[in-house]
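> Please find one structure pasted underneath; my questions will follow.
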Amino acid sequence: MAKTAVDTWMEQDFVFPTATIRKQTVALLLLRLPVLLPLLFISRGVITLNNDTLNGAEADVLGTGSEICLFLTLLVTPVITVTRQRWIAPLRRWYGIIFAVTAMTDATIASITTSFAGGVFGRLAGHSFLLVGLTMVVLLIPLLATANNPAQRWLGKYWKQLHRLTYLIWGLLVLHLALLEGFGIEHGGDGDPVFHQRMYQAVACSIPLLVLRLPPVKRWVGQQQKAGRQWLVYLSAAPLTALFALGFVFIVNEEIFKGVGAFMLHPVGG
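Going by the numbering used here, the sequence shown opens with residue 1, and the numbers climb by one from there.
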């Protein structure tokens with residue numbers, strides 16, 4: 001794949017009187033930092049052992065934060081497919097690592113703070129949606145352990161096969177949210193529109209990510225790009241981009257709203 005103008009620009013340096021720094025390094029840093037916010041939001045509650053925050057907001061803040069990280073991980077490949085810009089490729093591993101760390105932190109705190117009966121096991125697997133969530137966390141363990149270059153070299157061709165578990169985790173996330181909210185039906189009388197239901201937000205984000213991974217779609221995109229019709233690729237991807245953004249903006253809004261409340265030790269329930 002030929003380098004795009006943006007890839008070439010990213011390989012250049014910012015020059016300062018005493019140092020130089022690659023433009024890609026700066027851009028990647030700015031795109032990496034925001035996914036640490038969920039951990040920051042819950043950190044004050046952990047440090048102060050504030051039970052209201054840990055019991056009332058932990059699942060929303062870290063659960064939603066994990067969801068955001070997973071969708072960002074899955075977004076990198078379609079963006080490369082559509083734009084041909086490869087400078088963002090390192091973000092895939094970073095978002096995946098933070099997804100695993102956030103989800104495991106969520107499970108750890110939930111196992112000792114939530115009000116579900118049955119002790120640690122009941123808090124982690126006492127309901128169907130909890131069991132699905134726990135399965136996701138267990139599957140993340142080998143992915144996190146092998147999210148490094150030495151492991152990739154050691155596993156060889158099996159590394160990619162192992163990391164295809166990400167797609168299973170993706171499906172389990174949608175199932176987890178469906179079970180959590182009764183497939184969007186249990187909360188139907190609360191006055192919220194459809195896109196205030198977490199499952200539908202996840203589905204809206206998932207459809208574009210799935211479509212842009214389909215082999216026929218990827219072949220068509222490649223053919224148009226080789227023919228010099230990049231504009232047609234962008235035009236065709238616009239509805240999918242809008243659908244993803246529609247779902248994602250609700251997820252991010254909830255994370256910021258509830259995350260700030262948790263950091264201020266005034267958790268917002270619901």
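Glycine included, C-beta positions come from ideal geometry on N, C-alpha and C. Predicted model only: the values in this text are computed from it and were never measured.
1. Got a sec? Which residues, its chain only, sit under 8 Å from N51 by beta carbon, not counting five neighbours each side?
2. If you measure from the CB of V76, is any heavy atom of the ligand PLP nearer than 8 Å?
3. Return helix, strand or coil for V15, following the three-state DSSP convention.
4. Thinking just about the alpha-carbon of each residue, which of F16, Q230, L91 is nearest to the one in R84?
5. For the candidate residues H163, I109, L39, whose alpha-carbon lies nearest to that of R92?
6. Distance check for N55 and L75, CA to CA, integer angstroms please.
7. Indicate whether L168 and F129 have their beta-carbon atoms separated by less than 9 Å.
8. Let's test the definition: count the other Cβ atoms within 10 Å of the Cβ of T64 and tell me whether it reaches 16, buried, or not, exposed.
9. May I ask you to verify whether the segment 232-247 touches the segment 14-34, counting CB pairs closer than 8 Å and requiring at least 3?
10. Under the DSSP definition of a beta bridge, which residues are partnered with F22?
11. Spatial neighbours of A204 within its chain, please: CB distance less than 6 Å, with the 5 preceding and 5 following residues excluded, ordered by chain position.
12. Should L131 and T102 be called a contact, given that it needs their Cβ atoms to be closer than 9 Å?
13. Return the residue from the list A59, T53, A100 that minimises the CA-CA distance to T73.
14. Whole-angstrom Cβ separation of A262 and T53, contact assumed at under 8 Å?
15. Assign G189 to one of two classes, buried (16 or more other C-beta atoms within 10 Å of its C-beta) or exposed (fewer than that).
16. Taking just the CA atoms, how far does P142 sit from P38?
17. Just mark Q197 as buried or exposed, buried being the case when its beta carbon has 16 or more other beta carbons within 10 Å.
18. Determine the closest residue to P294 out of A57, T48, V46, with distance taken between C-alpha atoms.
19. From A178 to A202, what distance separates their C-alpha atoms?
20. May I ask you to report which of helix, strand or coil DSSP gives V46?
21. Which whole-angstrom value describes the C-beta separation of V221 and T81, a residue pair presumed to lie in contact below a C-beta threshold of 8 Å?
22. If you follow the alpha helix (DSSP H) that G63 is in, where does it begin and where does it stop?
23. Would you identify the three-state DSSP class for G191, choosing helix, strand or coil?
24. With DSSP run on the structure shown, which of helix, strand or coil describes K3?
25. CA-CA distance, L31 and G96?
26. If distances are taken between C-alpha atoms only, which option among H176, A145, T8, R213 comes closest to I88?
27. So for T105, helix, strand or coil by DSSP?
So, to answer that:
1. T113
2. Inclusion of the ligand PLP in the displayed structure is not the case, the ligand content being empty and no account of it being possible.
3. strand
4. Q230
5. Taking only the C-alpha atoms, the option nearest R92 is H163.
6. 31 Å
7. no
8. Label assigned to T64: buried.
9. no
10. Inspection of the sequence shows that residue 22 is occupied by Arg rather than by Phe. R22 pairs with D13.
11. L243, L246, G247
12. no
13. A100
14. 5 Å
15. A caution first: G189 carries a pLDDT of 42, below 50, which makes its placement in the model unreliable, though a value can still be read off. Exposed, by the Cβ-count rule.
16. 23 Å
17. Q197 counts as buried, since no fewer than 16 other beta carbons sit within 10 angstroms of its beta carbon.
18. Any question about residue 294 goes unanswered here, given that the chain covers just 1 to 270.
19. 10 Å
20. DSSP places V46 in helix when its eight states are reduced to three.
21. 6 Å
22. 58-83
23. Residue confidence is low: G191 scores 45 on pLDDT, short of 50, so the model does not pin down where it sits. Its coordinate-derived value is still stated next. Reduced to three states, the DSSP call for G191 is coil.
24. coil
25. Going from the Cα of L31 to the Cα of G96 covers about 13 Å.
26. Closest option to I88, judged by alpha-carbon separation, among H176, A145, T8, R213: T8.
27. helix
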